[in-house]
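The sequence shown begins at 46 in the working numbering and counts up by one.
Backbone N, C-alpha and C define an ideal beta-carbon position, used for all residues, glycine too.
This report refers to the structure that appears directly beneath it.
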Amino acid sequence: MFRPKYPEAPKPSIVHVPTAVPAAQHGHATACSCQHTTAPAPARPAGVLSGLNAGTVGAVVTVGIVLTALLAAVAVTAVSVAVAAVVMRSLLASQRRR
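Below, the structure written as structure tokens:
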């Protein structure tokens with residue numbers, strides 16, 4: 046679901062068919078002295094976010110939401126305790142005056 050869908054490569058419309066047979070082909074013995082090298086595989090560019098996938102991003106977003114909710118709960122609790130303290134102080138002060 047979260048994996049990108051790449052478009053398929055377009056197929057060439059012109060097909061080249063060789064008409065001439067090659068004059069000579071280079072045949073190798075089973076143990077030739079040639080040094081064959083393979084082309085290096087294309088390296089993926091190493092970016093800053095190359096190791097992230099959908100699961101990692103989802104986990105980071107979920108942890109962020111949970112921490113934000115906890116911070117909001119602490120803030121609401123602190124405000125309600127402060128309001129209750131002001132009300133209690135006002136009630137006790139009015140009782141002392143009597």
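Cβ distance (whole Å) where residue i is taken to contact residue j below 8 Å
i, j, result
"Ala99", "Phe47", "3 Å"
Nearest-angstrom Cα separation, counted from residue j out to residue i
i, j, result
"Val126", "Ala118", "12 Å"
"Thr107", "Ala114", "11 Å"
"Val131", "Val124", "11 Å"
"Gly109", "Leu116", "11 Å"
"Ala54", "Thr101", "30 Å"
"Leu83", "Leu97", "Just to set this straight, residue 83 is Thr in the shown sequence, not Leu. Between Thr83 and Leu97, the C-alpha separation is close to 31 Å."
"Tyr51", "Ala120", "46 Å"
"Val111", "Thr122", "17 Å"
Residue-level contact to chain B via CB, residue i, 8 Å cutoff
i, result
"Ser125", "Given the protein chain composition of this structure (a single chain), no chain B is represented."
For residue i, three-class secondary structure by DSSP
i, result
"Ala54", "coil"
"Ile110", "helix"
"Leu97", "coil"
"Leu122", "With the sequence shown as reference, residue 122 is identified as Thr, and Leu is not the correct amino acid for it. Helix."
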